[in-house]
Amino acid sequence: MLEILDTTLREGEQTPYVNFTLEEKITIAKLLDAVGVEMIEAGDPSVSPNVAKALQRIAALGLKAEVVAHSIASRAGIDRAKACGADRVAIFYATSKIHLDAKLHKTEEQALDIIREHVAYARNLGLKVRYTPEDATRTEFGFLLRVCNAALEAGADRISFADTLGIMQPHTMTEKVSALRKGLRPCRIDLHCHDDYGLALANSMAGIRAGADCVHTTVNGMGERTGIPDLAETIVAFHNLEGVQQYNLAPLMELSAYLERVSGFFIAPNKPITGQNAFSHKSGVHTNGILKDPRTYEPFDPAILGRERKIVIDKYTGKSAVAARLEEYGVEVSPAELEVIVSRIKNLGDSRKQLFDADILEIAEHVTGREMDVIPHDISAMVMLEAESHVYTTSVVRRLRGLHNVSQVYEITGDYDISAFVNVENVVALNNLIEEIRTVPGVKRTETRMVLKKYGGARE
Ligand code: HCA
Ligand code: CU
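One point on numbering: in my numbering, the residue at position 114 of the sequence shown is 114, and numbering is uninterrupted.
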């Protein structure tokens, strides 16, 4: 059975410029527990007193997940892990020639002794122990087996096969994990795959097929450099493609959005699973297919994540998508009218970035000469924000820009400091978005102005 260790709180906090507060860490840990990951790596207590404190608080939450402390091979570090109440300590010590020579200045034999000693020390404190040969994938394989078996003999029950530089491919992963399984004493094997070539999840899946037990993830794929596999992508890929059913998918979107908000680290719209465009369809051919049967262009139903598909209307749009959108408003048009409406949209779409339902309804009014007494479901609004006086306005802007549905952000003069232009599907979504904006650190108050009509200017 697959296991997941989520390390958003350790590897994720190693993302450049990312630091979580204690309360944020607790919220993240609870959400991860609601997803049902088997292990939460909650920090290395030697990094700072705050990291240690967070670890301690998380260990005391009584979560279902095992709480893991990361640690270098040092007695003081292992003592701190114990003092924090962690269930397990993950001791890492590099084993590749380049790391031993250039970084640690140790011979292989010295490394072996250090690893043995520290694993045994942790075990004697009553901690469960994982040993991570850092840079394992560049370690001479015979030495890797020796070192791991020494750690297992000293009391570790888990080895993390760390692809620290993300250099593996699915087929090399298959070979190495199979060989590890053969050469190691009985143990659990974790996969810690970095994403330097964009292969982290593929490598993890190959490794699991080859006999490993556990995949390391972070929310939104955060981590050093290009990070490690994204939690949501990992869970959905294993769920849909490998039949792994044990995780709760419901909190995944919330977790991703929460992490974006508190980290200021934003995902791309084309990110699989959680990205804004993951279930959006645009060209006439695609939308036509989707409207007839969503299975034509969707690998799975977005509802499993609580998401909805979206049909984007612009110059690529065909008749069926426009007819469907008008139908949503109870507006019926003749085939001839539809033809003209679509051609107008195509012309408009040449000069505009995004069409709102209000634009489409207005075109339909012009073409048919009939007044359409409907209110567009989607709403545009300007949210004016006042920032706290001690806050750097640009940092608030940066966070706002990452929120879904915020299309433009301006720093402005006057009573307010910032104006954000937002576009949402309905009033409930607007309300939620305003609430979300109010939780952005540094936002003192907001005032929202809903757009009633929108006009393009000459220079648009
Ligand atoms: C690092 C260490 C590590 C450890 C992985 C693990 C890596 O920050 O360099 O303990 O499983 O990538 O090797 O994250
Ligand atoms: Cu790592």
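Glycine included, every Cβ here is placed at the ideal spot set by N, Cα and C.
7 Å CB neighbourhood of residue i in its chain, flanking five on each side removed
i           : result
residue 341 : 322, 333, 363, 364, 367
residue 89  : 69, 71, 78, 81, 122, 127, 129
residue 411 : 393, 397, 417, 418
residue 296 : 289, 290
residue 85  : 56, 59, 60
residue 445 : 386
residue 316 : 282, 283, 284
residue 438 : 446
residue 272 : 233, 278
residue 377 : 357, 425, 426
residue 51  : 43, 44, 45
residue 53  : 22
The alpha helix (DSSP H) enclosing residue i, as first and last residue numbers
i           : result
residue 204 : 200-209
residue 111 : 108-124
residue 304 : Run containing residue 304: none; DSSP gives neither H nor E here.
residue 323 : 319-328
residue 191 : It is not in any alpha helix (DSSP H) - residue 191 instead sits in the beta strand (DSSP E) that spans 188-193.
residue 362 : 357-368
residue 394 : 393-402
residue 427 : 427-438
residue 147 : 141-153
Cβ-Cβ separation, residue j to residue i (assumed contact under 8 Å), whole Å
i           : j           : result
residue 196 : residue 165 : 6 Å
residue 11  : residue 223 : 4 Å
residue 162 : residue 134 : 5 Å
residue 449 : residue 381 : 6 Å
residue 429 : residue 406 : Rounded, the Cβ-Cβ distance is 12 Å, inconsistent with contact.
residue 8   : residue 259 : 7 Å
residue 111 : residue 147 : 7 Å
residue 305 : residue 252 : 6 Å
residue 212 : residue 228 : Not a contact, Cβ separation roughly 14 Å.
residue 184 : residue 149 : 6 Å
residue 298 : residue 309 : 7 Å
residue 287 : residue 311 : 5 Å
residue 355 : residue 313 : 5 Å
residue 159 : residue 187 : 6 Å
Chain D contact for residue i (CB, 8 Å cutoff)
i           : result
residue 278 : Considering every chain present, this structure includes no chain D. It has just one protein chain.
6 Å CB neighbourhood of residue i in its chain, flanking five on each side removed
i           : result
residue 460 : Reliability of the predicted coordinates at residue 460 is poor, the pLDDT of 46 falling under 50, and the value obtained from them is presented with this limitation in mind. Closer than 6 Å at the Cβ level, and outside the excluded window around residue 460, lies no residue.
residue 168 : 137, 203
residue 244 : 2, 238
residue 73  : 91, 93, 114, 118
residue 32  : 6, 40
residue 247 : 35, 36, 235
residue 63  : 33
residue 154 : 116, 119, 120
Bounding residues of the beta strand (DSSP E) (the contiguous stretch that carries residue i)
i           : result
residue 66  : 66-72
residue 423 : 418-424
residue 385 : 379-387
residue 5   : 3-6
residue 449 : 443-450
residue 463 : Outside the shown range of the chain (1 to 460) lies residue 463, about which nothing can therefore be said.
residue 129 : 128-134
residue 411 : 406-411
residue 217 : 214-217
Same chain, Cβ closer than 8 Å to residue i, five either side skipped, listed in chain order
i           : result
residue 38  : 3, 4, 5, 65, 66, 214
residue 372 : 329, 331, 361, 364, 365
residue 520 : In the structure displayed, the chain extends from 1 to 460; residue 520 sits before or after that span and is not available.
residue 264 : 17, 18, 395, 398, 399, 402
residue 344 : 363, 366, 367
residue 443 : 385, 386, 387, 388, 396, 437
residue 75  : 118, 121
residue 106 : 100, 114
residue 157 : 128, 129, 130, 187, 188
residue 275 : 267, 268, 269
### Task
Mind listing which residues have their beta carbon within less than 7 Å of any non-hydrogen atom of ligand 2? Chain order is fine.
Here the list is 11, 162, 164, 192, 194, 223, 224, 228.
### Task
Tell me the start and end of each unbroken alpha helix (DSSP H) in the segment 23-96 that is at least 4 residues and wholly inside, in chain order.
Within the segment 23-96, the complete alpha helix (DSSP H) runs of at least 4 residues are 49-59, 75-83.
### Message
Going residue by residue through the segment 155-185, where are the continuous alpha helix (DSSP H) segments of at least 4 residues, counting only ones entirely within it?
### Response
Complete alpha helix (DSSP H) runs here, min 4: 170-183.
### Task
Please go through the segment 230-313 and give each complete alpha helix (DSSP H) segment of 4 or more residues, from N-terminal end onward.
For the segment 230-313, whole alpha helix (DSSP H) runs of length 4 or above, ordered along the chain, are 231-242, 252-263, 284-292.
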